[in-house]
Amino acid sequence: MKPPLTRRGFIHQTAAASASLAWLGSQQAPRVLAADTVQPALLGGAPVHPGGWPGWPIWRQSWEPAVLDVLRSGSWFRGAGEHVAEFELAYAKLLGAKRCLATASGTTALLVALQVMDVDAGDEVIVSPYTFIATYNAILLKKALPVFADTDPATLNLDPATIPSRITDRTRAIMPVHIYGMPCDMDPINAIAREHRLAVIEDACQAWLAEYKGRKCGTLGDLGCFSFQNSKHLPSGEGGAVTGNRDDLLDRCQAFHNCGRAFGNFKGDRAYFTRGSNYRMQQFQAVILLQQLEKLVRETAWRGENADHLQAQLATIPGIKTVRLPENSRSVWHLYAFRYDAREFNGLSRDRFMQALSAEGIPCTGGYHEQYFDGLLDEAIQSRGFQRLFSPQRLKAYRDSLHELKGNREVCATTVAVTQNLLLAERREVEHVVEAVRKIQAHSAALARA
Ligand SMILES: Cc1ncc(COP(=O)(O)O)c(C=O)c1O
1150 MKPPLTRRGF IHQTAAASAS LAWLGSQQAP RVLAADTVQP ALLGGAPVHP GGWPGWPIWR
1210 QSWEPAVLDV LRSGSWFRGA GEHVAEFELA YAKLLGAKRC LATASGTTAL LVALQVMDVD
1270 AGDEVIVSPY TFIATYNAIL LKKALPVFAD TDPATLNLDP ATIPSRITDR TRAIMPVHIY
1330 GMPCDMDPIN AIAREHRLAV IEDACQAWLA EYKGRKCGTL GDLGCFSFQN SKHLPSGEGG
1390 AVTGNRDDLL DRCQAFHNCG RAFGNFKGDR AYFTRGSNYR MQQFQAVILL QQLEKLVRET
1450 AWRGENADHL QAQLATIPGI KTVRLPENSR SVWHLYAFRY DAREFNGLSR DRFMQALSAE
1510 GIPCTGGYHE QYFDGLLDEA IQSRGFQRLF SPQRLKAYRD SLHELKGNRE VCATTVAVTQ
1570 NLLLAERREV EHVVEAVRKI QAHSAALARA
């Protein structure tokens, strides 16, 4: 069986498909008869969207001198230059956060946050199952158990109502993930955390500038974590950040990510070193990020307008369920996702629907699958460390509880998503997404039979 396509793999393929579609658009489209446009592309008609989509990442020639300056300075690591610190100030300001610590990646940002919020071996962290695997991995690397609350099919995010029953005397933190850039409903999550004295670490790795009730994601819990990996809206190849409003926590983050060297008011046990690692961002990453902050703001607004349009149009199509956002919040749409109901498409399976949509020139993905059944968690809980840290009863109950994630199963089986770069196209092109879905619905019986 072919392994499921990862989000990053999908983005890579989308860029490649865009290039080939662009080529098709210029080379082959004139030979297609006009009448063919009414036939689904999968059955031999012309695609609704014959051209390409904006590529990603995008860079400008005007950035080159700044990057070259770093190269020629020889000051490539954060200790020797000013760009990383400059980026930290600028990103914190953009988010309205008191502090920001730049890191080597989003994964290392999560590891820093887990360490500083005192998640230790044998602890449990309540987390969304519907996320990139790095979220699971960060918790597992701390030798803590990622305990999944369920996904709300209406929001694709953590359902706060399913959190309390997962709390045990080992639980130390809740880690909501603002998936695809859509804010989680943070008020009830924070209220549960307060009641049970738990830390809240936001995985905002896909949610740069997303807003919940007037505040930015990544500033709503104790600490927020971001990724600047290549596919992200603010990319630097690799990169990440931890954000927050408490100096004591951010001092600890600084110390831990820099081999445990004392920082600010955090002096550690022995005045100079505490336990730590090297998760530092490089100057090259920072200087590339600094070029893009205004661009991020502009593109976020542009994506938002196009996504609002899709939300309104797709909601009128029977069998397409658009995602519900919390009140007074703003998604930044790392993927634009909706849920698909095959019953309104003459039983056309989701896979076949996605093939048909891709053939119409709209590359799409089914998003995350039920990754907790892939073997990664079994391998972890069968390892010597986990067997020593947790009782056999706890590990059995944990393994059994994975079958209770009914909301998540539904989301994994019914979601269809397009990547953020499509939202950067002109409105008339974005409109092709709606036209293609309508066209597939009109021909769904024939497509289901073929
Ligand atoms: C939700 C989520 N969490 C964590 C990460 C990890 O970030 P990185 O790839 O920068 O380590 C990512 C990156 O894709 C992510 O999407």
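Sequential numbering of the sequence shown, starting at 1150, is according to the numbering used here.
C-beta: ideal position from N, C-alpha, C; glycine also.
Just so it is clear, the structure is predicted and the values come from calculations on it, not from any experiment.
- L1445 has its CB no nearer than 7 Å to any heavy atom of ligand 1.
- For P1475, the CB contacts under 7 Å within the same chain, skipping 5 residues up- and downstream, are P1332, D1334 and Y1361 in chain order.
- Rounded to whole angstroms, M1430 and A1270 show a C-alpha spacing of 26 Å.
- Between the alpha carbons of H1458 and P1337 lies a gap of roughly 29 Å.
- Along the region 1313–1362, the alpha helix (DSSP H) occurs as fully enclosed runs of 4 or more residues at 1335–1345, listed in sequence order.
- Checking the DSSP bridge columns, you'll see Y1485 partnered with V1567.
- In this structure, R1321 sits near V1274, with a CB-CB distance shorter than 8 Å.
- Buried is the label assigned to I1469, since at least 16 other Cβ atoms lie within 10 Å of its Cβ.
- By the CB criterion at 8 Å, A1258 and A1390 fall inside the cutoff.
- At the C-beta level, L1596 and L1191 come within 8 Å of one another.
- Cβ neighbours of A1594 within its own chain (closer than 6 Å, five residues either side excluded): N1495.
- Distance check between R1499 and each of E1519, P1313, C1561 and Q1355 places C1561 closest, using alpha-carbon atoms only.
- DSSP places A1461 in the uninterrupted alpha helix (DSSP H) bounded by L1442 to L1463.
- Take A1298, set aside five residues on each side of it, and the residues of its chain with a beta-carbon closer than 6 Å to its own are I1275, L1307, T1311, I1312 and R1315, in chain order.
- Here A1262 is not near A1435, since their CB atoms are 8 Å or more apart.
- The criterion of a C-beta distance shorter than 8 Å is not satisfied by E1387 and G1367.
- L1383 has its alpha-carbon roughly 11 Å from the corresponding atom of W1205.
- Residue side-chain check: G1389 places its Cβ nearer than 7 Å to a non-hydrogen atom of ligand 1.
- N1407 has N1427 as its beta-bridge partners, per DSSP.
- Rounded to the nearest whole angstrom, the C-alpha separation of C1354 and G1193 is 40 Å.
- The continuous alpha helix (DSSP H) containing V1233 extends over residues H1232 to L1244.
- The region 1279–1294 and the region 1224–1235 do not touch, with fewer than 3 CB-CB distances between them shorter than 8 Å.
- For T1300, the CB stays at least 7 Å from every heavy atom of ligand 1.
- Contact check for V1219 and F1433: beta-carbon distance about 6 Å, within the 8 Å limit, so the pair qualifies.
- As the crow flies, the alpha-carbon of E1528 is around 38 Å from that of L1571.
- Cβ-Cβ distances below 7 Å link E1237 to C1249, L1250 and A1251 in the same chain, with the five nearest sequence neighbours on each side left out; the list follows chain order.
- According to DSSP, K1470 shares a beta bridge with R1488.
- In this structure the region 1529–1536 lies against the region 1544–1551, because at least three pairs of beta carbons, one per stretch, are closer than 8 Å.
- In this structure, the alpha-carbon of D1400 lies about 7 Å from that of N1414.
- Here the C-alpha atom of V1481 lies approximately 7 Å from the C-alpha atom of W1357.
- Taken in chain order, the complete alpha helix (DSSP H) segments of 4 residues or longer contained in the region 1521–1567 are 1525–1530, 1533–1538, 1541–1550 and 1555–1563.
- Taking 7 Å as the cut-off, one finds no heavy atom of ligand 1 near enough to the beta carbon of Q1441.
- Non-local beta-carbon contacts of Q1441 in its own chain, meaning distances under 7 Å to residues more than five positions away in sequence, involve L1383 in chain order.
- In this structure, DSSP gives I1207 a state outside helix and strand, which the three-state scheme calls coil.
- Residue pairing by DSSP leaves A1435 without any beta bridge partner.
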